Amino acid sequence: MKTVKRSLTALLAVLLTLSLAACNKDGDLDISDNQVGAKDFQQNLHQSAMTGVPTFVETDTGYYVGYGRLYYIEKETMKMTILCGKPDCDHTDPDTCNAMIDARYLLAGGERIYYVSNSNDPKTVGAVKTDATDRRVVQELKFQETSASQSSYDSAIYHRGYIYYISDDVLYRVKLGGEKDTAEEIWKPEGAGSAQSYGDGRVDFNPNAIRYTLWAEGDILYFMANVQTTDGTYKDVLFQCGLDGSDVQQVWVTPGADQVGEWDRAGVSVSQWYVMGGYIYFYLSGGDFWRTELATGKTEKLADTHEQTQYGSAVFSDDHMALLSELPADFYGEVTEGGRYRALGDSIFLYGIDGTLQKDISIEPLREALDGKIDVELLMCDSTDVYFLATTTIYSGSVGNTGSITLWRANYGTGEVTQVYKLR
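In our numbering, the protein residues as written are 4 to 427.
Below, the structure written as structure tokens:
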């Protein structure tokens, strides 16, 4: 692998844990360590953020869900509501609707939800009360004004008092509530931050940009990046380091066909992955569930999932692995041999984290409830259910239009598949 340079900057200022008084004149937001400092990164919920939205934050009583608006799912009743609170609001105007927050959610701390804004410029961390009132800015994140990688802030995660995020391919951390100039540089690859421009001040793209996926567990920070290796090819590579960026080291690279057999992206990228207890658990679409011990590099197969489906997508939790069967399909939704697009299969296969097949859950109820071509995206799984998004496309001749977008869950115990909420 090409030598990857890591530079750690000196701390630019004394790190501060600020009340909102430093960021908002009202000064009544408490983000002290006794509220949020001990909260760990919510691993199983981050998988939806890897692929897009919705994003989830869990509390003892429910889930806050971000999907253009802020929602809440109560665990006891599984009732999902838009967190607005204004009578007769149609929840479409961001200037009047409390719930209209376009954001990536980080954590629930005390009486507030913290998030990184998708739309603000400069990029900011915001907070809102759990009833979606009293929205305000907590801090501004450090970004270059002409950054080619500003959009990568959606990789931001929260872990043990710090927000970890990327700008210009550089991995930073900053305390929740800290001033932006106190951001510490954790890791910096060779050629970071160089962008091509149109010449009129607009940034086109960074040809050397690296897309990161951030992860954390205990005292270790992980990040996955697609980088050039010693044989000249680009592969997904997992790095780990201390939470302060010390001792950055490569601990895993996408295995090749000589290790895991042929599959659609052999040796290049991994379909889905999950780090826990010193192992990386991963799914290869059409090529089974595996895990690698990071300390030794020993890789073992957990389940022959290709026996269930030749295509698929997966999500993990500490106890489960869920696999959605998929079919190749062309643009118009017709099943084809080796097509570009994926269409709904017929099952979600539930495995224990040891690879034991526990249940085959039919998702035929979606076909009965929804009209049009159905695309399904697994979002996350918890101790009782796997959650997924179903998007329908209605075709008129060669033109397809998005129909409904609904959130569903499949229960492990009963195998029941139910619609949680119609998002659109």
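Each residue gets a CB set at the ideal place from its N, CA and C atoms; glycine is no exception.
Quick caveat, the model's predicted, so the values are computed rather than measured.
Separation of K376 and W411 (C-alpha to C-alpha, rounded to the nearest whole angstrom) is 16 Å.
With contacts defined by Cβ atoms closer than 7 Å, Y277 and F319 form a contacting pair.
Distance from N404 to T396 at the Cβ level is roughly 7 Å; contact confirmed, criterion being Cβ atoms closer than 8 Å. The residue from C92, V60, Y70 with its alpha-carbon nearest to that of E77 is V60.
Annotation: the continuous alpha helix (DSSP H) that includes Q262 extends over 260-263. As DSSP reads the structure, Y74 sits in a beta bridge with V68, I85. Rounded to the nearest whole angstrom, the CA to CA distance from Y117 to C92 is 24 Å.
The beta carbon of K89 sits closer than 8 Å to those of T99, C100, N101, all from its chain and outside the five residues before and after it, given in chain order.
When DSSP reads this structure, A135 sits in no beta bridge, so it has no partner. Cα atoms of L369 and M383: separation of roughly 18 Å, rounded to the nearest angstrom. Under the three-state reduction of DSSP, H94 is assigned to coil, being neither helix nor strand. The Cβ atoms of V56 and Y67 do not sit closer than 7 Å to each other. Assignment of T257 by DSSP, reduced to helix, strand and coil, places it in the coil class.
Around the Cβ of G418, a 10 Å sphere holds fewer than 16 other Cβ atoms; the residue is exposed. Under the three-state reduction of DSSP output, D374 falls in the coil class, being neither helix nor strand. In the displayed model, A52 falls within a helix according to three-state DSSP. Annotation for N229: the continuous beta strand (DSSP E) segment containing it runs 223-231. If you check the CB distance, G348 and S328 come in under 7 Å. Take T95, set aside five residues on each side of it, and the residues of its chain with a beta-carbon closer than 8 Å to its own are M103, in chain order. Contact between S288 and S316 holds: their C-beta atoms lie close to 7 Å from each other, under 8 Å.
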